[in-house]
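S.K.:
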Amino acid sequence: MSYDDYHRRKKVILTVATTGAVHGKNVNPNLPEQPEEIARQVAACEELGASIAHVHGRNERGENDASRLQEVNDAIRDRCEDIIIQNTTGGQSPYEQRVAGIRTDPPPEMASLDMGPFKRDKHIITNHTRNNIERLAVEMRAKGIKPEMEVFNSGQLAEVKRLIDEGLVEEPPYVNLIFGGSFTPARPRNLINMVDNLPENAEWNVLAVGPHQLPLTTMAVLLGGHVRVGMEDNLYYRRGEKAASNQQLVARTVEILDRLDREIATPEEAREMLGMPKKQVEQPADGD
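For the record, in the sequence shown the residue sitting at position 261 is 261 according to UniProt numbering, with numbers rising by one throughout.
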């Protein structure tokens with residue numbers, strides 16, 4: 001994808017990341033933590049145009065808990081029409097917790113796949129080895145789960161290419177470029193460089209942290225990319241004003257897309273763009 005794709009008005013896949021695994025209601029009381037409140041906000045974002053929901057689970061105390069992903073998935077399916085569920089397999093959890101994201105029933109249509117470790121706080125480096133990446137990729141492929149390959153720095157693009165070369169991910173690869181915080185410095189030039197070094201035929205998305213969410217996702221739109229917004233990545237609507245909800249952030253992105261004359265992909269269109277199978281429609285039982 002490129003600036004030419006913007007002019008060709010290629011549709012944008014809009015992902016909402018409602019919750020995350022780090023900050024909680026103590027930082028912004030509007031952040032959803034429990035399954036029903038997450039599902040309510042996801043449903044509102046789907047109505048606005050979001051085609052993918054990036055999902056985390058929290059326990060009753062609001063702490064990260066991958067075992068709650070099943071409940072969150074069930075609540076989203078009960079409230080939403082067609083949104084694509086993208087479970088996390090990321091963060092600083094050990095492999096046994098990461099893999100829970102692709103072992104829900106039914107499995108999610110998508111899941112995140114970190115392309116390597118990253119630093120968090122003063123004493124934490126996430127434990128994500130090449131072996132773990134491969135194990136997750138192999139199980140995702142076997143289950144028909146589309147990986148969203150999360151790239152925290154430019155060096156991890158080499159891992160993306162390796163997975164493609166070894167046939168561990170299907171075409172087209174879907175790459176999530178991450179900026180801000182302790183990740184790639186959130187500068188326009190860095191975004192352009194990362195896009196220039198993407199594998200051929202890759203579909204790509206931009207995730208930018210905090211105050212960088214609005215400018216860099218807008219820049220991604222101009223460069224022909226896809227965007228992710230939401231309170232996992234950004235707790236503020238503008239400087240000094242906390243976000244009232246995930247749908248407030250999604251609505252702003254929808255308005256920007258409209259002004260830039262780029263349409264939003266429906267979930268079914270997103271599946272087609274990412275080489276995913278069509279969603280299976282449940283047939284009513286005999287006599288229903």
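Glycine is no exception: its CB is placed at the ideal position from the N, C-alpha and C atoms.
Bear in mind that the values here come from a model prediction, so they are computed numbers and not experimental data.
Helix, strand or coil, according to DSSP, for residue 34 in the structure here?
M.R.: To locate residue 34, count along the sequence shown from 1; it is residue 34. Coil, per DSSP.
S.K.: Between the Cα of residue 235 and those of 30, 53, 9 and 7, spot the shortest distance and give me the residue it belongs to.
M.R.: As a position in the sequence shown, residue 235 is number 235, starting the count at 1. The shortest Cα separation from residue 235 among 30, 53, 9 and 7 belongs to 30.
S.K.: Taking DSSP as the reference, what is the three-state secondary structure of residue 9?
M.R.: Numbered from 1 along the sequence shown, position 9 holds the residue referred to as residue 9. Residue 9 falls in the coil class under three-state DSSP.
S.K.: Measuring alpha carbon to alpha carbon, tell me which of 279, 221 and 270 ends up nearest residue 6.
M.R.: Translated into positions along the sequence shown, residue 6 becomes position 6. It is 221 whose Cα lies nearest to the Cα of residue 6.
S.K.: Should residue 167 go down as buried or exposed, given a rule of 16 or more other Cβ atoms within 10 Å for buried?
M.R.: Residue 167 sits at position 167 when you count from the first residue of the sequence shown. Per the 10 Å Cβ criterion, exposed.
S.K.: Answer yes if the stretch 173-183 comes into contact with the stretch 130-149, meaning at least three C-beta pairs across the two stretches below 8 Å, and no otherwise.
M.R.: These segments touch.
S.K.: Could you tell me which residues DSSP puts in a beta bridge with residue 236?
M.R.: Working through the sequence shown from its first residue, we reach residue 236 at position 236. DSSP output for residue 236 lists 242 as bridge partner(s).
S.K.: Determine the DSSP secondary structure at residue 202, reduced to helix, strand or coil.
M.R.: Working through the sequence shown from its first residue, we reach residue 202 at position 202. Residue state, collapsed to three classes: coil.
S.K.: Pair every Cβ in the stretch 106-121 with every Cβ in the stretch 71-90, then say whether three or more of these pairs are closer than 8 Å.
M.R.: Enough Cβ pairs lie closer than 8 Å, so yes.
S.K.: Which class does residue 140 belong to by DSSP, given the choice of helix, strand or coil?
M.R.: As a working note, residue 140 is residue 140 in the sequence shown. In this structure, residue 140 counts as helix in the three-state DSSP scheme.
S.K.: To the nearest angstrom, how far is the alpha carbon of residue 8 from that of residue 270?
M.R.: As a position in the sequence shown, residue 8 is number 8, starting the count at 1. As a position in the sequence shown, residue 270 is number 270, starting the count at 1. Using only the alpha carbons, I get a separation of about 17 Å.
S.K.: Let's test the definition: count the other Cβ atoms within 10 Å of the Cβ of residue 196 and tell me whether it reaches 16, buried, or not, exposed.
M.R.: The sequence position of residue 196 within the sequence shown is 196, counting from 1. Under this definition residue 196 is an exposed residue.
S.K.: When DSSP labels each residue in this structure, what does residue 218 get in the three-state scheme?
M.R.: Reading the sequence shown from its first residue, position 218 is the one you call residue 218. Helix.
S.K.: Which stretch, first to last residue, makes up the beta strand (DSSP E) that contains residue 72?
M.R.: By one-based count along the sequence shown, residue 72 stands at place 72. Here residue 72 belongs to no beta strand (DSSP E); instead the alpha helix (DSSP H) covers 69-79.
S.K.: What is the rounded straight-line gap between the Cα of residue 76 and the Cα of residue 44?
M.R.: On the sequence shown, residue 76 is found 76 positions in, with the first residue counted as 1. On the sequence shown, residue 44 is found 44 positions in, with the first residue counted as 1. The alpha-carbon atoms of residue 76 and residue 44 are separated by roughly 11 Å.
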